Amino acid sequence: MERLMKLKDLRRMANTVRQDIIEMLTAAGSGHSAGPLDLADIATALYFNVLDNIDPKNPDKPDRDRLYISCGHTNPVWYAVMARAGYFPVEELKTLRKLGSRLQGHLDRLTLPGLESSAGSLGQGLSIGSGSALAAAMDNVRYHTYVVTSDGEHDEGSTWEAVQFAGHYKLKYLTNIIDRNNIQIDGNTEDIMTKEPLRDRYEAFGWHVIEVDGHNIEHFIDACKEARAIIESPVCIIAHTVAGKGVDFMEYDYRWHGAPPGKLETERTPPKDKQMEEALKQLRMPDGKN
Amino acid sequence: MLAREAHLRKNSLDKDVEMAPTRDGYGMGLVELGEKNDQVVVLCADLSESTRTSKFRDRWPERFVQMGIAEQNMATVAVGLALQGKIPFAATYAVFCPGRNWDQIRVSACYNMVNVNFAGAHSGISVGPDGATHQALEDIAITRVLPNMTVLAPCDMEETRKATLAAADIKGPVYLRFTRSASPVFTSENTIFKVGKAQIFRRGDDAAIVAAGPIVHIAMLAADQLVEKGISCRVINSPSIKPLDEETIERAARECGAVVVGEEHQQAGGLGGAVAELLAKTRPVPIEFVGMPDSFGESGEPEQLMSKYGMDVTGIIKSVRKAVKRKM
Ligand SMILES: Cc1ncc(C[n+]2csc(CCOP(=O)(O)OP(=O)(O)O)c2C)c(N)n1
Ligand SMILES: [Mg+2]
């Protein structure tokens, strides 16, 4: 696939993806807003710049980098970015969560070519990614395995089993990108269950840790380059993000974890029927929220 | 009357029959697979002797993955390997796999439809002295309800070896169940094992005993004794719990008019549940269940526990007579 090399183009693409997310979630009438919006820059950077040897027309290419999404509820951003990358028609985004759609409410590998794994139960993706990296090591092949996990799923014991395992076996070409957006369903992460010191925890298990602003595409791409250069251990990129990024009435507010535009009124929102319009307006402002 | 086409060993019902735990067949099967196919990999959660995966580990350490005591991670790492074309076999005690990692099995293995072969050692009440925490009596119930899943419970070491070989070729996930203590090795190399197939080990038409696991041999002994009571029993070995051999079981219900199901599992939800679901739809006949009566196990010698909970010759005879009596 042709990479986007210019930052300007990547930013524009991320913005388009955010608009797609707003539109598809509104059409669906249910789904998750906050995580997908804050992952738009990372997802765009991955598909349009970072991932090696991916080909939307040939999604099973053996030497492709593997991307495992562990937090299946963030599917809208992955669907949007995949559509924009050419895996399937952009019009299909409107079918999200509808009967018969390939865009299931959580990721389904068997219906949508290009997805490496189904997901929806948190705390499994890092183990799958570890298996993928282990297979690469066994076969002595060089694809890189990326996993995207959320901060919330670090409550799960199984996530830490995977961290321990990958650290123990010093799995190389394995990078876990954590969406550190500080929210989960019931509240802010540190109120629900302490995640910090997240960096120290990973380091204690033998991981190389990089922290980055998850909305700075340039820095994120640099972090991925650094990750590819590390071969002594698995790498964790803690990407600090703003939940709901790009739509001011959603930002920093955990209540938008699982609500689509038009379905939640807070002290900061326009009336429900104006939310989609307002969100799109903000995103379309030249150099606006991005 | 023994069914000749089952090719059981000549001494299969004698005292001098060879004794070995079914898990030995797993160890043997894995080594055979390892020789044939370099994509086969084995994962184990700190129980490589108990599960007999040590045999594979000693031959191919580079294809063996020690997971530590982390069954959830084991299941999903296996999925990651399978997604790259490996053929993983992941083993530990059945109470932990599928007991501990059912969600991983459901979503990452079954929903993804990958060939990961899960093995649960130490299933059933015959685990013995370790007691209730280690006696898996619910594992068939929780695996056979999963879409895409194949569930196999072989009856002896030889059949376990064959089931292990067969599992490698099944496209989707497989759950293989075996037992701890030595039990008769009564099938032979020539006994047919096929996924989705049951075999008639003994002919008869007053009642049919459908069973899975080493209890099949006990059913054979019970059937022998029932002859004196004037009851001729068909004994059907049904190692493939899912897919179930509906044809053979339905025909048995039709021709015998009464069915007894035998398994080292809760009476609810296991092979008994599968047979009852089938016959309720196709050929309702009296069914009796030999298995755990909705209770946990306890410590004891395997034979003591088998007889305490009715999974012995006496218990099976009782159930057969009850089933026959219920025939109109
Ligand atoms: C194993 C599991 N438990 C619970 C859930 C329900 N659930 C879905 S998302 C979520 C919150 C997760 O927080 P995070 O992943 O950080 O979400 P985000 O930042 O996108 O809001 C929960 C509890 C789940 N999907 N899987
Ligand atoms: Mg979060």
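Chains as they are written, first to last, in this note's numbering: chain A, 209 to 498; chain B, 4 to 331.
All C-beta atoms in this analysis are idealised placements derived from N, C-alpha and C, irrespective of residue type, glycine included.
This one's a predicted model, so the numbers in the text were calculated from it and none came from an experiment.
Residue-chain proximity (residue i, chain B), Cβ-Cβ < 7 Å
i                  : result
Gly-496 of chain A : Its pLDDT being 49, under 50, Gly-496 of chain A is placed unreliably by the model, and the measurement read from it follows with that caveat. Output row for Gly-496 of chain A: interface = no.
Arg-317 of chain A : yes
Ser-329 of chain A : yes
Ser-441 of chain A : no
Glu-369 of chain A : yes
Ser-358 of chain A : no
Ser-366 of chain A : yes
Leu-254 of chain A : no
Neighbour list for residue i in chain A, Cβ cutoff strictly below 7 Å
i                 : result
Asp-49 of chain B : In chain order: nothing, as chain A lies at least about 13 Å away.
Identity of the residues DSSP links to residue i by a beta bridge
i                  : result
Tyr-178 of chain B : B:Phe-121, B:Val-154
Thr-285 of chain B : For Thr-285 of chain B, which the question treats as bridged, DSSP gives no partner whatsoever.
His-416 of chain A : A:Val-443
Leu-259 of chain A : DSSP lists no partner for Leu-259 of chain A.
Gly-265 of chain B : B:Ala-214, B:Val-293
Cys-47 of chain B  : B:Gln-69, B:Ala-94
Arg-274 of chain A : A:Thr-353
Lys-245 of chain B : B:Val-154
Ala-139 of chain B : B:Ser-126
Ala-23 of chain B  : B:Ser-186
Arg-407 of chain A : Bridge partners of Arg-407 of chain A: none, in fact.
Buried or exposed by the 16-neighbour rule on C-beta atoms within 10 Å, applied to residue i
i                  : result
Met-22 of chain B  : exposed
Asp-315 of chain B : buried
Ala-317 of chain A : The sequence shown places Arg at residue 317 of chain A, rather than the Ala named in the question. Classification of Arg-317 of chain A: buried, given that the 10 Å Cβ count is 16 or more.
Thr-166 of chain A : Given a span of 209 to 498 for chain A in the structure shown, any question on residue 166 of chain A remains unanswerable.
Gly-496 of chain A : Because Gly-496 of chain A carries a pLDDT of 49, less than 50, the predicted location of this residue cannot be relied on, and no value is offered for it.
Glu-266 of chain B : buried
Leu-307 of chain A : exposed
Arg-12 of chain B  : buried
Phe-299 of chain B : exposed
Lys-328 of chain B : exposed
Ser-238 of chain A : exposed
Asp-172 of chain B : exposed
Ile-234 of chain B : buried
Asn-204 of chain A : Nothing about residue 204 of chain A can be reported from this structure: the residues present for chain A run from 209 to 498 only.
Lys-165 of chain B : buried
His-240 of chain A : buried
His-376 of chain A : exposed
Arg-237 of chain B : buried
Gly-365 of chain A : exposed
Thr-402 of chain A : exposed
Any chain A beta carbon closer than 7 Å to residue i
i                 : result
Ser-15 of chain B : no
Lys-18 of chain B : no
Partner residues on chain A for residue i, Cβ-Cβ distance less than 8 Å
i                 : result
Met-70 of chain B : Phe-373
Under 8 Å by beta carbon: chain B residues contacting residue i
i                  : result
Leu-342 of chain A : Val-68, Val-80, Gly-83, Leu-84
Gly-337 of chain A : Gly-83
Listed by chain order, chain D residues near residue i by CB distance under 7 Å
i                  : result
Gln-332 of chain A : This model lacks chain D altogether, as its protein chains are A and B.
Chain-ordered neighbours of residue i on chain B, where CB pairs are closer than 7 Å
i                  : result
Glu-324 of chain A : Leu-86
heavy atom of ligand 3 below 6 Å from residue i C-beta
i                  : result
Ser-358 of chain A : For the structure depicted, ligand 3 is absent and the ligand set comprises only ligand 1 and ligand 2.
- Item | Contact list for the region 103–120 of chain B against chain A, Cβ threshold 7 Å | Asp-106, Gln-107, Val-110, Ser-111, Tyr-114, Asn-115, Met-116
- Message: For the region 72–88 of chain B, list every residue whose C-beta sits within 7 Å of some C-beta in chain A, in sequence order.
- Response: Ala-73, Gln-75, Asn-76, Thr-79, Val-80, Ala-81, Val-82, Gly-83, Leu-84, Leu-86, Gln-87
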